[in-house]
Amino acid sequence: MKTIKVRDKEFELFIREEEINKSIDRVAKQIESELKDENPLFICVLNGSFMFASELMKRINIPCEITFVRVSSYDGTQSTGQLKEVYGLEMEVENRTIVIVEDIVDTGNTMKMMLKQFDRLNPKSIKIATLLFKPKALLHPNLRLEYVAMEIPSDFIVGYGLDYDGHGRNYPDIYKIKK
Ligand code: IMP
Ligand code: MG
31 MKTIKVRDKE
41 FELFIREEEI
51 NKSIDRVAKQ
61 IESELKDENP
71 LFICVLNGSF
81 MFASELMKRI
91 NIPCEITFVR
101 VSSYDGTQST
111 GQLKEVYGLE
121 MEVENRTIVI
131 VEDIVDTGNT
141 MKMMLKQFDR
151 LNPKSIKIAT
161 LLFKPKALLH
171 PNLRLEYVAM
181 EIPSDFIVGY
191 GLDYDGHGRN
201 YPDIYKIKK
């Protein structure tokens with residue numbers, strides 16, 4: 031089993047790029063068919079979603095716009111619960127169908143906070159597209175995730191945009207922490 035070291039921790043190969051891309055193909059088709067008449071605005075959450083956002087957007091052939099915002103809630107390998115604000119949104123979202131593009135939904139705290147902030151701007155609707163979802167870690171059972179590429183167990187992972195202390199985002203495969 032292929033392993034890598036990121037900072038002080040060992041990680042083992044968990045999901046290969048080919049499998050990730052297949053799951054993105056599926057989600058992209060779903061988005062295309064459901065939002066083809068909506069001229070959606072994709073709001074990609076930096077830094078984590080950059081690889082997913084890029085692979086997803088290459089597969090979506092409908093009129094749309096793409097923009098980027100930032101927000102961070104993680105410190106090391108545990109959700110801190112200390113949420114910062116969403117910043118960097120320069121697009122008008124009123125009466126628009128927006129799709130938040132995230133790398134992962136873990137506790138769901140970040141997503142809940144973003145939904146609250148975007149809701150104030152009166153969009154027509156808000157959808158969520160996430161590469162990964164850890165259903166067992168979710169603290170908000172009523173959070174609706176329209177487009178989920180892959181569901182995974184609660185283990186900490188890196189790669190494909192996801193980091194441990196800022197490192198490991200560059201790997202094209204996903205690795206999980208070794209116990
Ligand atoms: P939540 O607020 O607990 O849902 O956490 C969401 C954010 O935490 C994501 O956008 C990621 O940046 C980060 N995160 C959650 N799980 C992991 C992980 O396994 N590896 C790296 N980052 C993670
Ligand atoms: Mg993130």
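Going by the working numbering, the sequence shown opens with residue 31, and the numbers climb by one from there.
Backbone N, C-alpha and C fix where the C-beta goes; we use that ideal spot for every residue, glycine too.
Keep in mind the model is a prediction, meaning the values are calculated, not measured.
Rounded to a whole number of angstroms, what is the C-alpha to C-alpha distance between residue i and residue j?
| i | j | result |
| --- | --- | --- |
| Val-116 | Met-31 | 38 Å |
| Val-57 | Tyr-177 | 6 Å |
| Gln-60 | Leu-86 | 11 Å |
| Leu-25 | Phe-72 | Lying outside 31 to 209, the shown extent of the chain, residue 25 is not represented and no answer is given. |
| Ala-83 | Phe-186 | 21 Å |
| Tyr-190 | Ile-130 | 18 Å |
| Glu-62 | Ile-92 | 6 Å |
| Ile-54 | Ile-90 | 10 Å |
| Pro-171 | Tyr-205 | 27 Å |
| Asp-38 | Gly-198 | 12 Å |
| Val-101 | Ala-159 | 16 Å |
| Asn-69 | Lys-35 | 42 Å |
| Phe-44 | Tyr-201 | 12 Å |
| Glu-47 | Met-81 | 11 Å |
| Ala-179 | Met-141 | 16 Å |
Considering only heavy atoms of the ligand IMP, does any lie closer than 7 Å to the CB of residue i?
| i | result |
| --- | --- |
| Asp-136 | yes |
| Val-188 | yes |
| Glu-176 | no |
| Thr-33 | no |
| Asp-195 | no |
| Asp-133 | yes |
| Leu-173 | no |
| Met-87 | no |
| Met-141 | yes |
| Gly-78 | yes |
| Leu-192 | yes |
Assuming residue i contacts residue j (C-beta within less than 8 Å), just tell me the rounded distance between them.
| i | j | result |
| --- | --- | --- |
| Ala-167 | Thr-127 | Their Cβ separation, rounded to whole angstroms, is 28 Å, which puts Ala-167 and Thr-127 out of contact at 8 Å. |
With a threshold of 8 Å on Cβ separation, who are the neighbours of residue i within its own chain once the five nearest residues in sequence on each side are excluded?
| i | result |
| --- | --- |
| Gly-78 | Glu-132, Asp-133, Ile-134, Gly-191, Leu-192, Asp-193, Arg-199 |
| Lys-208 | Thr-33, Lys-39, Glu-40, Phe-41, Glu-42 |
| Asn-152 | Val-123, Glu-124, Asn-125 |
| Glu-120 | Thr-97 |
| Arg-174 | Ile-158 |
Using a Cβ-Cβ cutoff of less than 7 Å, which residues in the same chain neighbour residue i once the five nearest sequence positions on both sides are dropped?
| i | result |
| --- | --- |
| Leu-145 | Ile-156 |
| Lys-154 | Asn-125, Arg-126, Thr-127 |
Practice task
Go through the region 154–198 residue by residue and report every complete run of the beta strand (DSSP E) that reaches 3 residues or more, in order.
Solution key: Runs found: 155–163, 177–181.
Exercise for the section: Only counting runs of 3 or more residues, tell me where the beta strand (DSSP E) segments fall wholly within the region 56–138, in order along the chain. Expected result: If we require 3 residues or more, the beta strand (DSSP E) runs fully inside the region 56–138 come out as 71–76, 95–100, 127–135.
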